[in-house]
Amino acid sequence: MLGPVETRSVSPVFVGRAEELNSLNEALARAEAGEPQALLLGGEAGVGKTRLVEEFATAACRQGAVVALGGCVEIGADGLPFAPFSTALRALRRALPDELAAAAAGQEEELARLLPEVGEAIPARGTGRHDEESLARLFELTARLLERVAAERTVVVALEDLHWADASTRHLLAYLFRTLRTGRLVVLATYRADDIHRRHPLRPLLAELDRLRTVRRIELGRFNRDEVSRQIAGILAAEPNPAQVDEIFERSDGNAFFVEELAVCATEGCGTGLTDSLRDLLLVRVEGLPESTQRVARVAAEGGSTVEYRLLAAVTRLAEDDLIEALRVAVNANILIPAPDGDGYRFRHSLVREAVADDLLPGERSRLNRRYAEALEADPTLVPADERVMRLASYWYHAHDAAKALPAVLDASVTARRRHAYSEQLRLLERAMELWDTAPEDVRAALRPVDYTEVYPPCGCAPATAPLRYLDLMAEAAVAGRLGGERERALKITKRALHLLGDDGDPLRAAWFWVQRSHLVQGLTRGDGWAELATAEDLVRGLPPSEVHAEVLADVAHWSMVHIPGAEAISAAERAVEYARMVGAREIEMNARLTHAGLIVESGGVETGLAEMFEILRQTLQDGISAVASRVYVNLPSALEAIGRSREAVPVLEEGIGYARKFGLSDKEAWIWGNLAESLHSLGRWDRAAEAATKAELVGQSAKPRGFHASTRSGLALARGELSEAARQLSAARGYFGTHDKAPQHEIPLCELAIGIAAGEGRILDARAELERVLDSGFPPGTQRYAWPLLLTAATMEADSLGLPVAEQGRTKILDRIREAARPLATNAPVWLAHERWLRAELLRAERADTPDHWCEALTAFEPLERPYDLARVRHRLAQSLLSAPGGAEQPERDRATELLRLARATADHLGARPLADAVTLLAQRARLALTAAPAPDRADPVRSLGLTGRERDVLRLVALGRTNRQIAEELFISPKTASVHVSNILAKLGVSGRGEAAAVAHRLGLFPAHALHAPSTE
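See the structure below:
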């Protein structure tokens, strides 16, 4: 047992920091109220970040909170993947074992990547294919785990030394800060601000987090002179000499750690003759220790943030008594302190460790790393099992022994992959490629693909016996970069690989790399990926079935389904299914079957395709193929929505949300929420649709799900008459989807929104230009679900703009183009047939040739469908047609029109569809139909103050719009002669001589709201 500490350099008095501590305590109070808190604490090295965190943690524990501390572990220049989270979760498990076990229930295997204690060991090779959501799935499950643990009691997770964090830790922290929504949770991370140079990997993360309103950043400054004086008094347990305070304050510049070191040096008499270098200040106390203690300090400095006692003994090779004595001296001098878990030692401050490590000679550093590696190889139990492989790889690499380092680094890359630490896997694989040429040939020849690689399917070789190739490492690195978000690096690796393969004569491997490039180009929004896929398809054409061949065909089919669905896409999907079955690639087979089923639905085989989708869902759930099952939960309800069966889609979507949450598939969950919003919108549940769209935005991290959310929001805003909001959301959607990959399923709805917004704002020519761009491109086969609404929006605009001079020229050409575009569109689903009838009626209305019979056909088609908003719009048009037709003034037609308008108005009011409600009201007023009891007249009405009747009000509004007597008569269902009489009366009552002056009076006095004087797009 260690004796009493002889040198005190840490003040027992907590000095200053009142404002910062109050901020932390306020965050704790908000967390206790159920509002998760995210905080960043920055400051230069030695300024007192750790002391502040300790003080806050102590106060939080006194209030009943559970505090879990985790630090970023540095080994040489390497950080352990997820180290602070693993440490913090381990602390939570010790404090709340039952609560953490319950929160992790059902996801133990996945969460074991961070905390091996919660589940079975992760197999050496993955049980499923790594995909884009592997990392996101782990992050989502971690976030939900913390929320569940913090559901009933306050939890503080403090992560220190973020400047040393590995990339995976940084990504996980960013994910938590963005997505934590519930729970009594505080997540606090500290970092050394003076280390964050322009190229430091933490810098972009800090910039990203600064943009989040939910993250609070606290900067810890240096002490002032008074605080330095109080700190020295605490260290010395006596009031310091003012001159001494002045000297220490001047030399330390208020840095708390340097104040401590200077105060101790002053009391121990080592302060004289010191240089101005603070590094020398740190070394001078170490150099004053016995040689054996200095030796232990040098060994410990190269071992990492914390070095286990037994490992230290093995590397120093000191007798146990000598080692304990040397450690006692170091601890008493406050150079080393026991590790929190009591199993090793660490420097009291990282600045001391860095100063000692920097003082090592290059050969000395390599020799120490070799000793660490040899000791660990001889006895793997010297370090915790979950750190062993990574630390051994780091020690051998820094020992500059390529023969030993290459297999060790490759072992570490496998461990990183199993933990979904793809950024660390990429870094390790890049080290392996760096070591490849310098490693001896016999070492390389002994390496096997089966031990170190899994992303490239074994085609034409036996992975257990064939030697590992440099291209195998490049393949693993390319996928690690793609999955870890390092797409630029991955793209460069694929370029180099394809260059190496130029004369290799290996078309399968080249095709595989082209598929990777396709994914990367799409992920970087630099293209749609088709050129790369087409190259891959050419390379495998005519080759025997293989997993690579099946994957290429499956990717081609999926790309075609999204961009150019049709017979060729169906053929590619069929061949992908066939090849995948032949080579036993089950996941590829199920993915290709799902693509094929979706294409069959779009091509008209509705029931066959849907039945296949339900069967694929059953099989993938049964087999545990979550990547495909989650995709079914997106595509199956989308297919149901496409054919108008929205009510059937909703329960499948709700089930899918639960499934995606269970497996942490956040992007899939976002797509499902977006599809739910779309189906709820169709069913007339607009408030719930808006909530679902918001959920999609909160959950989704990728751009395209967010674009889908924004487009849904834009459509809701447009239907409610909120044109500026609709335009804002449309702009956001286009930003998310980008300009390099214009898939019809996204591009056509966005164009429809653009046309609707332009029409609503009276920009008829802009709307026509947008329409013509779409018509010039054409509608690919199978896109009728998007094409019908777009053509209908355009036809409605043309009909509503009748009588506007700006719209007259070119109308006939536009109407002809709309008819031509509609002719080949499928109508074999009731909802598509209903749109066809509606479109035909709107086109006839745009030519003043529609009759009630045309609208009756449209109404009959929509009545069986659960589309209340569409039905209300058709009812409004039928009522308008009845009132305009010969005999429209007769009572039976007026009664029928009244009932239709009442139903349409009730739906519009319920949905909040203001433009439709206004159009219904205006039509009823013009036709003198009473939909509800008349309200009491407004005594302040300026129109009434001029002595105008209600009918004269209607006429004056149309005069202000520039209508002729004939046009007024048509709109108000009166004769031109009656319209002329009303105009004469208006001129007399206003005391003006002409129609232009009457219009000017109406504008000057503001007799009508701006929207009432707009083009009649809402009539």
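Just so we're aligned, residue 0 is where the sequence shown starts under numbering that gives the first Met the number 0, counting upward by one.
Think of the CB as a built atom: it goes at the ideal place given N, C-alpha and C, for glycine as much as any other residue.
It should be emphasised that the depicted structure is a prediction, and the values quoted were computed from it without experimental measurement.
DSSP state of residue i mapped onto helix, strand, coil
i, result
"Ala164", "coil"
"Pro743", "helix"
"Pro379", "helix"
"Leu335", "strand"
"Phe13", "coil"
"Ala926", "coil"
"Leu184", "strand"
"Val157", "At residue 157 the sequence reads Ala, which differs from the Val that was named. Looking at Ala157 - three-state DSSP - the assignment turns out to be strand."
"Gly343", "strand"
"Val306", "strand"
"Leu824", "coil"
"Asp357", "helix"
"Thr850", "coil"
"Gln783", "helix"
"Asn964", "helix"
"Pro462", "coil"
"Phe662", "coil"
"Gly657", "helix"
"Val454", "coil"
"Gly734", "helix"
"Leu532", "helix"
"Arg112", "coil"
"Asn984", "helix"
"Gly993", "coil"
Proximal residues to residue i (C-beta, below 7 Å), its chain only, five neighbours per side dropped
i, result
"Arg719", "Gly911, Ala912 and Arg913"
"Arg950", "His981"
"Asn964", "Pro975, Ala978, Ser979 and Val982"
"Thr619", "Met589, Val627, Ala628 and Val631"
"Tyr578", "Pro544, His548, Ala549 and Leu552"
"Ala142", "Tyr174, Leu175, Thr178 and Leu179"
"Leu144", "Ala102, Ala103 and Leu110"
"Arg818", "Leu842"
"Leu881", "Pro851, Gly887, Glu892, Arg895 and Ala896"
Beta-bridge pairing of residue i - partner residues as DSSP gives them
i, result
"Val214", "Ala37"
"Ala67", "Val156"
"Thr189", "Leu40"
Spatial neighbours of residue i in its chain, beta-carbon cut-off 6 Å, leaving aside the 5 residues before and after
i, result
"His348", "Phe256"
"Leu989", "Ala997 and Val1000"
"Met389", "Leu79 and Ala411"
"Ala535", "Ala510, Trp513, Val514 and Val551"
"Phe138", "Leu171 and Tyr174"
Residues near residue i by beta carbon distance below 8 Å, same chain, minus five either side
i, result
"His162", "Cys71, Tyr190, Arg191, Asp194, Ile195, His199 and Leu201"
"Val649", "Pro636, Leu675, Ser678, Leu679 and Leu682"
"Val958", "Ile967, Val982, Ile985, Arg994, Ala997, Ala998 and Ala1001"
"Leu500", "Leu470, Arg508, Ala509 and Phe512"
"Asp340", "none"
"Val65", "Leu91, Ala94, Leu95, Arg152, Thr153, Val154 and Val155"
"Thr452", "Pro462, Leu467, Asp471, Leu472, Ala474 and Glu475"
Closer than 6 Å: residue i CB and nearest the ligand GTP heavy atom
i, result
"Phe55", "As presented, the structure is devoid of all ligands, the ligand GTP included, so that no description of it is given."
Quiz prompt | At least three beta-carbon pairs within less than 8 Å, the region 747-762 to the region 772-780 | solution = yes
Exercise. Flag this pair as touching only if the region 467-483 and the region 150-158 have three or more C-beta atom pairs under 8 Å; answer yes or no.
Key: Flag = no, the region 467-483 and the region 150-158 do not touch.
Quiz item: Below 8 Å, can you find three or more Cβ-Cβ pairs linking the region 791-799 to the region 824-832?
Solution: no
Quiz item: What are the start and end residues of each continuous alpha helix (DSSP H) run of 4 or more residues lying completely inside the region 689-727, in chain order?
Solution: 702-718
Quiz item: Touching or not, the region 801-812 and the region 848-863, by the rule of three or more beta carbon pairs under 8 Å?
Solution: no
Quiz prompt | the region 732-742 in contact with the region 689-698 per 3-pair CB rule at 8 Å | solution = The way I'd put it, the region 732-742 doesn't touch the region 689-698; fewer than three beta-carbon pairs between them come closer than 8 Å.
Practice problem: Indicate whether the contact test is met: 3 or more Cβ pairs, each with one atom in the region 366-376 and one in the region 387-404, closer than 8 Å. | Solution: The region 366-376 is in contact with the region 387-404.
Quiz item: Are there three or more Cβ pairs, one per stretch, closer than 8 Å when the region 645-662 is compared with the region 670-680?
Solution: yes
Self-check item: Inter-stretch contact at 8 Å, needing at least 3 Cβ pairs: the region 439-459 / the region 418-427
Solution: Short answer: they don't touch.
Practice problem: Report yes or no: do three or more beta-carbon pairs, one from the region 892-907 and one from the region 870-884, lie closer than 8 Å? | Solution: yes
Quiz item: Does the pairing of the region 759-766 with the region 571-585 give three or more beta-carbon distances under 8 Å?
Solution: no
Self-check item: Whole beta strand (DSSP E) elements within the region 478-547, 3-residue minimum
Solution: none
Practice problem: Give a yes or no on contact between the region 485-494 and the region 518-531, applying the rule of three or more CB pairs nearer than 8 Å. | Solution: yes
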